[in-house]
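Residue numbers (the working numbering), protein chains in the order written: chain A, 274 to 739; chain B, 28 to 227.
See structure below.
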Amino acid sequence: MTAPRTMFEKIWQRHVVVDRPDGYTLLYIDRHLMHDGSSPAYARLKARGLGLRRPDRAAATPDHYVKTDSRTKDVPDPDHRRLLNDITANCNEAGVTLFDLGDARQGIIHVVGPEQGLSQPGLTLVCGDSHTSTHGALGALAFGIGSSEVTHVMATQCLWQRKPKSMRITVDGTLSPHITGKDIILAIIGKIGAAGAVGYVMEYAGSAIRNLSMEGRLTLCNMSIEAGGRAGMVAPDDITFNYMKGRPFAPKGELWDKAMAFWKTVPTDEGATFDREVTLNAAEIAPMVTWGTSPEDVLSINGRVPDPASAPDAGKQENMKRALEYMDLKPGTPMDSVAVDRVFIGSCTNSRIEDLRAAAAVAKGRKAQIPAWVVAGSGLIKQQAEAEGLDKIFREAGFDWREPGCSMCIGVNGDTGTRGQRIASTSNRNFVGRQGQGVRTHLVSPAMAAAAAVTGHFTDVRKLLG
Amino acid sequence: MDAFTTLTAVAVPLDQANIDTDQIIPARYLGRLRPQQVEGYFHDFRLDPNGRPREGVTLNNPAYKDAKIIVANHNFACGSSRENAVTVMVDNGFRAFIAPSFGDIFFNNCFQNGCLPIRLSADRVARIRVILHELPGAEISIDLPSQTVVGPDGQKDSFEIDPFRKDMLLKGADEVKITLGYEADIAGFEARQRQEMPWL
């Protein structure tokens, strides 16, 4: 009998093409996802006279540079126009499946991959985007890579890797009502820090994770990179299998049975050991809000802006002071008294149907006090939300209902805030200038973002929904 | 790719922890062609909203203008996978980065561009930064074959690097070309996988 193995270990071992004596591994990549920022990588591939080794294992959709007020590719910026046209030309030339603008299946690549059934348990999956960790929610080993490595995957379907260490984050207990995957991952990052998982693949386990929906798990794994993790993953179970069933690229018939037999072997074996273990108590997690310029700068909505004087060392104190100055916050201020100028509900972190339902439940019958945007993660989610009447709820509450794309999470398409604006955002990064120069970003869950929209300040959503 | 063997150059200290790749090159520069990305280099980190150099930012100090090495703090270049964070620093003269820890994807991206990221202990890196503040324009010497760094105080430290990565840097090797040399192994893997995972 073989020794008990972690899920990560099993997936890794299954994908080793070459193990060099120096500890480096040539790892096979099952799935490669591309977006409108991938064209420089393709141009390099062509320049060396190569093509895609496995176009059948690639899929693409434009997301970063697409407009969210229309579906035109004829955007004013010539560089962006080129990128939007390149992805179409490249995919057509290479024979890669493309969910292009105008196709209801278009959306944010990390929403589209799982939605189409391209992301599956037990696979290795990469994309030239750091939030590729999202797909680990299906029980895959998924991670972001740079543009040169994208070229390498296109040419060889492999990557040279040193095996990362493993970390298990166990969240046991029962979550309070209205606490989501977003609050869990923010609590985890608050606990271990933005570099807490550097060099590790994270597996999320425990009863609170088992009870999370697939949407919640996708949110959780999405922000693994914000803890520094190489990847984040959740063991596949019935929630996963039910989610997979019937998706366009999921196996069918006899192949489904074969896949299922394999998928059931993917989870970590009883007794397998991790290089590091972290535990959290689900019952203690409150709605979370970031106060600073790193996702680790986070506290409960019931907390107060921290005082740099409480920092453990001079370096941290300096960082806190700088962050508070940028964020224009005073130590000791109750978070729920901080006024918000604008709200963004969207991004690969929180733009799925469950996220929109949670936000709509708060918006229903209320009025937005400040500009609030809702950007669905894909055209299919937008359609589903409209079928459920969520768009009507949002519109009646004064929210702007927009077309799918990355939008204000990164702002490269022009969707940015203005200098000095304070934004309650369901995205993943509160970095300086992330949503526009001088813009102040606070990361929250969709329900908390909607609560900020209808009250004009951060509000514990539990006070609105009871 | 340019080979990396040794480098003796001015080093510039960056004290902040968790400097993310959005600071190294703001997203609004990413869609441009590489020559037009050069001005994005630490743009908003260096300059105020009126385009004037921010006070106290070492990157603005003329004493460090010839720097080819950055000595940073924990989790340097975390966040986005944008390889432009490496290339924009290369295009502004940098070839090596020293920090206690790095953003994982940035760390990998360095090797793709002939750059050397070096991890040293947090205490030693902090000490080097203090010296670089005290002696702006001081040099650091890096020797990849012997895996050593000589600080501005003359202290020599060893660093770890994967033999594979070291070899690639020393030769300026083309990784795609090397991998294509494993064609038989890759094809063999694919044949096995077709049997074992026919649903893919």
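For glycine and all other residues, C-beta sits at the position ideal for the given N, C-alpha and C.
Cross-chain neighbours of residue i in chain A, by beta carbon under 7 angstroms
{"i": "Met-116 of chain B", "result": "Ordered by position in chain A, no residue passes the 7 angstroms Cβ test against Met-116 of chain B, which lies about 13 angstroms from the chain."}
{"i": "Glu-110 of chain B", "result": "Gly-419, Ser-420 and Ser-421"}
{"i": "Pro-144 of chain B", "result": "Neighbours of Pro-144 of chain B on chain A: none; closest Cβ ~12 angstroms, over 7 angstroms."}
{"i": "Gln-139 of chain B", "result": "Gly-419, Ser-421 and Glu-422"}
{"i": "Phe-216 of chain B", "result": "Val-290 and Tyr-301"}
{"i": "Leu-227 of chain B", "result": "Asp-303"}
{"i": "Ile-132 of chain B", "result": "Ser-403, Gly-417, Ile-418 and Gly-419"}
Cross-chain neighbours of residue i in chain A, by beta carbon under 9 angstroms
{"i": "Ser-128 of chain B", "result": "Ala-468, Val-471, Gly-472 and Gly-501"}
{"i": "Pro-62 of chain B", "result": "Correct list: empty, because the minimum Cβ distance to chain A is about 12 angstroms."}
{"i": "Asn-119 of chain B", "result": "Within chain A, no residue comes near Asn-119 of chain B; the closest Cβ sits about 18 angstroms away, beyond 9 angstroms."}
Contact list for residue i against chain A, beta-carbon separation under 8 angstroms
{"i": "Ser-148 of chain B", "result": "What Ser-148 of chain B touches in chain A: nothing, since even the nearest Cβ is about 15 angstroms away."}
{"i": "Asn-135 of chain B", "result": "Ile-418, Gly-419 and Glu-422"}
Simplified DSSP assignment, three categories, for residue i
{"i": "Gly-322 of chain A", "result": "coil"}
{"i": "Gly-706 of chain A", "result": "coil"}
{"i": "Ala-200 of chain B", "result": "coil"}
{"i": "Tyr-209 of chain B", "result": "coil"}
{"i": "Trp-285 of chain A", "result": "helix"}
{"i": "Asp-184 of chain B", "result": "strand"}
{"i": "Ile-46 of chain B", "result": "coil"}
{"i": "Trp-226 of chain B", "result": "coil"}
{"i": "Met-506 of chain A", "result": "strand"}
{"i": "Gly-150 of chain B", "result": "The residue asked about is misnamed: residue 150 of chain B is Asp in this sequence, not Gly. Looking at Asp-150 of chain B - three-state DSSP - the assignment turns out to be helix."}
{"i": "His-308 of chain A", "result": "coil"}
{"i": "Leu-398 of chain A", "result": "strand"}
{"i": "Glu-166 of chain B", "result": "strand"}
{"i": "Leu-57 of chain B", "result": "coil"}
{"i": "Trp-529 of chain A", "result": "helix"}
{"i": "Met-239 of chain B", "result": "Nothing can be reported for residue 239 of chain B, as the shown portion of chain B is limited to 28 through 227."}
C-beta atoms of residue i and residue j nearer than 9 angstroms
{"i": "Ile-145 of chain B", "j": "Ile-188 of chain B", "result": "yes"}
{"i": "Ala-722 of chain A", "j": "Asp-733 of chain A", "result": "no"}
{"i": "Leu-414 of chain A", "j": "Trp-536 of chain A", "result": "no"}
{"i": "Ser-406 of chain A", "j": "Ser-497 of chain A", "result": "yes"}
{"i": "Leu-553 of chain A", "j": "Ala-634 of chain A", "result": "no"}
{"i": "Ile-643 of chain A", "j": "Asp-614 of chain A", "result": "yes"}
{"i": "Ile-442 of chain A", "j": "Ala-478 of chain A", "result": "yes"}
{"i": "Phe-103 of chain B", "j": "Leu-41 of chain B", "result": "yes"}
{"i": "Ile-381 of chain A", "j": "Ser-620 of chain A", "result": "yes"}
{"i": "Ala-559 of chain A", "j": "Asp-456 of chain A", "result": "yes"}
{"i": "Gly-409 of chain A", "j": "Ala-333 of chain A", "result": "no"}
{"i": "Ile-51 of chain B", "j": "Val-115 of chain B", "result": "yes"}
{"i": "Tyr-297 of chain A", "j": "Gln-434 of chain A", "result": "yes"}
{"i": "Gln-43 of chain B", "j": "Arg-355 of chain A", "result": "no"}
Extent of the continuous alpha helix (DSSP H) run through residue i
{"i": "Asp-511 of chain A", "result": "511-517"}
{"i": "Ala-584 of chain A", "result": "Taken as a continuous stretch (DSSP letters only), Ala-584 of chain A belongs to no alpha helix (DSSP H), as it is neither H nor E."}
{"i": "Thr-417 of chain A", "result": "For the record, residue 417 of chain A in the displayed sequence is Gly; it is not Thr. From DSSP, Gly-417 of chain A is part of no alpha helix (DSSP H) but of the beta strand (DSSP E) over 414-417."}
{"i": "Asp-352 of chain A", "result": "351-367"}
{"i": "Ser-108 of chain B", "result": "That residue, Ser-108 of chain B, is in no alpha helix (DSSP H); it is neither H nor E in DSSP."}
{"i": "Pro-387 of chain A", "result": "382-389"}
{"i": "Val-727 of chain A", "result": "719-728"}
Listed by chain order, chain B residues near residue i by CB distance under 7 angstroms
{"i": "Gly-296 of chain A", "result": "Asp-189"}
{"i": "Arg-435 of chain A", "result": "Asp-189"}
{"i": "His-408 of chain A", "result": "Ordered by position in chain B, no residue passes the 7 angstroms Cβ test against His-408 of chain A, which lies about 14 angstroms from the chain."}
Interface flag, residue i vs chain C, CB-CB below 9 angstroms
{"i": "Thr-429 of chain A", "result": "This model lacks chain C altogether; the protein chains it does include are A and B."}
Host beta strand (DSSP E) of residue i (start-end)
{"i": "Val-578 of chain A", "result": "That residue, Val-578 of chain A, is in no beta strand (DSSP E); it is neither H nor E in DSSP."}
{"i": "Phe-554 of chain A", "result": "The residue you asked about is not Phe; residue 554 of chain A is Asn in the sequence shown. It spans 549-554 - the beta strand (DSSP E) in which Asn-554 of chain A sits, taken as one unbroken run."}
{"i": "Gln-434 of chain A", "result": "431-435"}
{"i": "Val-474 of chain A", "result": "473-478"}
{"i": "Arg-630 of chain A", "result": "Taken as a continuous stretch (DSSP letters only), Arg-630 of chain A belongs to no beta strand (DSSP E), being part of the alpha helix (DSSP H) at 626-636."}
Interface partners of residue i on chain B, CB under 8 angstroms
{"i": "Phe-704 of chain A", "result": "Asp-47, Asp-49, Gln-50 and Gly-106"}
{"i": "Arg-713 of chain A", "result": "Those do not exist, as Arg-713 of chain A stays about 14 angstroms from chain B at its closest Cβ, beyond 8 angstroms."}
Per-residue contacts from residue i into chain B (C-beta, under 9 angstroms)
{"i": "Gly-310 of chain A", "result": "Leu-57, Gly-58 and Arg-109"}
{"i": "Arg-692 of chain A", "result": "Pro-76"}
> Taking Cβ-Cβ distances below 8 angstroms as the criterion, which residues of the segment 512-537 of chain A are in contact with chain B?
Replying inline: Pro-524, Leu-528, Trp-529, Lys-531, Ala-532 and Phe-535
>> Under 7 angstroms, CB to CB, which of the residues in the segment 156-189 of chain B have a partner in chain A?
In response: Asp-189
> For the segment 40-53 of chain B, which residues have a CB atom closer than 8 angstroms to at least one CB atom of chain A, in sequence order?
Replying inline: Asp-42, Gln-43, Ala-44, Asn-45, Asp-47, Asp-49, Gln-50 and Pro-53
> Between the segment 561-592 of chain A and chain B, which residues of the former have CB atoms less than 8 angstroms from a CB of the latter, in chain order?
Replying inline: Ser-567, Glu-569, Gly-588, Lys-589, Glu-591 and Asn-592
>> Output needed in chain order: residues of the segment 664-687 of chain A with a Cβ under 7 angstroms from some Cβ in chain B.
In response: Ile-683, Gly-684 and Val-685
> If contact means a Cβ-Cβ distance below 7 angstroms, which residues of the segment 70-89 of chain B contact chain A?
Replying inline: Asp-71 and Pro-76
> Along the segment 276-297 of chain A, what residues have a CB closer than 7 angstroms to any CB found in chain B?
Replying inline: Val-290, Val-291, Arg-293, Asp-295, Gly-296 and Tyr-297
> Listed from N- to C-terminal order along the chain, which residues in the segment 351-365 of chain A have their beta-carbon within a distance smaller than 7 angstroms of any beta-carbon of chain B?
Replying inline: Asp-352, His-353 and Leu-356
> Between the segment 324-338 of chain A and chain B, which residues of the former have CB atoms less than 7 angstroms from a CB of the latter, in chain order?
Replying inline: Tyr-338
>> Please identify, using Cβ separations under 9 angstroms, the residues of the segment 381-402 of chain A that lie next to chain B, in order along the chain.
In response: Gln-393, Gly-395, Leu-396, Cys-400, Gly-401 and Asp-402
> Which residues, in order along the segment 193-223 of chain B, keep a beta-carbon less than 7 angstroms from a beta-carbon of chain A?
Replying inline: Glu-202, Val-203, Thr-206, Leu-207, Tyr-209, Asp-212, Ile-213 and Phe-216
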